[in-house]
Every structure is written in structure tokens, then in C-alpha cells.
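Have a look at the structure below before the remarks.
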Amino acid sequence: MASKKVTVKILGIVGTPIKNGNCQYQLETALKQAEETCHATTEIVHLRDYKLTFCIGCDKCMRRIHKIQAQVGYDVFPVPIEGYNCSINDGMDVLHQKMVEADAIILMAPVYIASIPGQVKTFIDRCRTFVHDFRLQDKVAAAMTVGFFRNAGQDTALDLMRTSLSALGLNVVSFGSAAVSTRDGLGVPIRETRFGVQEDLAGSVMMNIAVKRLVRMAVLIKAGKSAMDSDQITMIH
Ligand SMILES: Cc1cc2nc3c(=O)[nH]c(=O)nc-3n(C[C@H](O)[C@H](O)[C@H](O)COP(=O)(O)O)c2cc1C
């Protein structure tokens with residue numbers, strides 16, 4: 005029997021004000037590794053390239069979801085939303101569309117004061133529609149971070165991102181990865197390179213494990229859904 009190949013689309017989102025920095029380098033490396041599995045195509049977006057304003061808490065996204073649910077039923081998932089579901093017209097419509105079209109998402113952010121940078125939190129808040137419309141329910145996600153020091157907020161940053169991705173309805177399938185951009189994570193920049201993160205072996209190993217898991221789980225979901233369709237397997241939500 006001829007073997008079928010399943011390819012998944014991975015969207016890498018990097019949230020640092022720095023272009024060509026360590027986070028971008030690390031995410032590009034992760035996406036390259038994903039492509040090397042021959043089961044993934046990838047795209048990277050830099051939050052810095054988009055005009056993102058704070059969520060204003062207007063609840064318009066939620067009210068629209070409730071309105072649609074009242075028409076189609078409360079047990080229809082994902083909620084059939086056409087187009088962009090946010091009252092703010094800035095760069096977010098493009099990002100929402102890319103997220104909906106992806107099979108897997110990697111969120112990469114630097115450690116900022118033992119947490120994530122404000123722009124990444126703003127991006128997450130502006131994704132509120134997904135919490136209620138379940139459009140990301142069959143997608144997988146991973147969180148990644150880079151910091152100066154080995155133990156100065158990487159766990160907190162990762163934890164925040166994993167929890168947020170899961171609140172958005174994504175399936176977080178690995179612990180994620182944390183790397184350092186200074187020699188041995190001691191906070192001393194490496195003079196010879198702009199990308200100190202490439203010298204972090206522990207960080208690279210952790211990232212490689214997270215990437216492989218992400219691709220595997222995305223392929224399993226996509227292949228599983230296709231098998232369900234062809235075998236006419238239905239399920240209760
Ligand atoms: C405002 C600010 C706060 C930071 N806070 C931390 C921190 O709490 N812990 C840490 O390990 N690194 C911290 N860093 C260092 C960055 O995480 C580190 O430089 C990282 O490599 C940045 O990646 P980038 O160049 O891709 O933006 C901070 C950097 C900035 C600018």
C-alpha cells in the first residue's frame with residue numbers, strides 16, 4: 005500500500021522588541037528543525053512588525069460568539085465565526101487569521117523581569133475570542149523563552165505562556181524550552197557572537213525535544229482527523 009505523507013503548518017510567533025536577536029535566532033532554529041522532519045512547513049511572525057494595542061475589555065468578541073451560539077446551538081464547536089472577531093482594527097486581524105490557518109503554534113518570548121514582555125501579554129489578551137470560540141481546539145502549541153540567566157524567571161515566563169496558550173484552547177504538548185543567551189547562563193554576554201543562545205547546549209536539547217513533540221502531535225491530530233472523516237467516525241463534543 006502506498007504510504008501517505010502528512011505535512012503540518014507551524015506558525016512561530018516571536019515577541020521581543022529586538023530584531024535579529026537571540027529569541028528570533030532560537031525560533032528560526034526551532035522552525036528549521038521542524039522542517040527537517042519533512043512533516044512541516046513553517047512561517048515566522050515578529051509581533052514588533054504589527055501595531056498591537058491593548059484589549060479595551062469591550063466584550064464585543066464574546067457577545068458576537070453568544071449571538072452565533074444562540075442561532076446554531078450551544079454544542080457546536082468550533083463556533084462558526086466568519087472573519088475577524090475583535091472591535092480593534094490594527095494588526096491583529098492578520099495574526100488571528102494566521103493562527104486559525106496553522107496546525108501548530110510556537111510562542112517565543114524573552115524573559116523580562118521574571119515574566120514576559122508587555123507586548124506578548126497584549127497579544128495574548130487580544131486573542132480572547134479563541135477562549136470562547138474553540139477555533140484553536142485541534143491545534144497544538146509550545147512555549148519557548150530565552151533569558152540572560154539560567155534561573156531568573158525562565159520558569160515563570162514559560163509557565164505564563166503555557167497557561168495562556170492552553171486558555172486560548174490550544175493543546176500544549178510539551179514542557180516547552182528555556183535557553184540562555186549568556187555564557188553558562190551567568191549573565192555575561194559572549195563577545196564573539198550576537199547569538200549567545202547557540203552556545204547553550206541544554207537549551208538546544210530542550211528545544212529539539214519540544215519541536216519533535218510538537219510536529220509529532222500535530223501530525224497525529226491531522227492524520228487522525230482525516231481518518232475519522234474517511235471512516236465516517238463522529239464524536240460527541
Ligand atoms: C527589560 C528587560 C528585562 C529583563 N529581565 C530579565 C530577567 O528577569 N531574567 C533574565 O534572565 N533575563 C532578563 N533580561 C534579558 C533578556 O531576557 C535576554 O537579553 C534575552 O536574550 C533577550 O532576547 P532578545 O535579544 O531576543 O530580545 C531582560 C531584558 C530586558 C530588556
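Quick note: the sequence shown uses this note's numbering, first residue 5, plus one each step. Note that the Cβ used here is the ideal one computed from N, Cα and C, for glycine as well.
If you look at H43, you'll find it isn't in any alpha helix (DSSP H); DSSP assigns it neither H nor E. At least one heavy atom of ligand 1 lies closer than 6 Å to the C-beta of A118.
By the neighbour-count definition (other C-beta atoms within 10 Å, threshold 16), P121 is a buried residue.
Judged by their CB atoms, V10 and V223 are nearer to each other than the 7 Å cut-off. With a cut-off of 6 Å, the C-beta of T126 is classified as distant from ligand 1, since no heavy atom of the ligand falls inside that distance. Residue G95 holds the alpha-carbon nearest to the alpha-carbon of K55 among G95, V49, T20. Looking at the DSSP output, A146 bridges to I110. The DSSP-derived three-state label of I213 is helix. Residue environment: D137 is assigned as buried (16 or more neighbouring CB atoms within 10 Å of its CB, all protein chains considered). When D79, G191, E47 are compared, the shortest CA-CA separation from Q101 is found for E47. The bridge partners DSSP lists for V176 are A145. DSSP, read as helix, strand or coil, puts V184 in strand.
Counting along the chain, K13 sits inside the beta strand (DSSP E) bounded by residues 12-18. Residues of the same chain with a CB within less than 8 Å of the CB of E203, apart from the 5 flanking positions on each side, are R187, I194, T197 in chain order. Taken through DSSP and simplified to helix, strand or coil, Y88 comes out as coil.
Taking the Cβ of I194 as the reference point, every heavy atom of ligand 1 lies at 6 Å or farther away. In the DSSP assignment, L140 forms no beta bridge with any residue. With a threshold of 6 Å, the Cβ atom of G207 does not count as near ligand 1, since no heavy atom of the ligand is closer than that.
F127 carries a helical assignment under DSSP once its states are collapsed to helix, strand and coil. Take L51, set aside five residues on each side of it, and the residues of its chain with a beta-carbon closer than 6 Å to its own are G19, Q123, F127, in chain order.
With a cut-off of 6 Å, the C-beta of F153 is classified as near ligand 1, since at least one heavy atom of the ligand falls inside that distance. For G151, DSSP records a beta bridge to V184. With 16 or more neighbouring CB atoms inside 10 Å of its own CB, F152 falls in the buried class. Distance between I213 and A161, taken at the CA atoms: about 19 Å. For the 7 Å CB-CB criterion, L15 and A106 form a contact.
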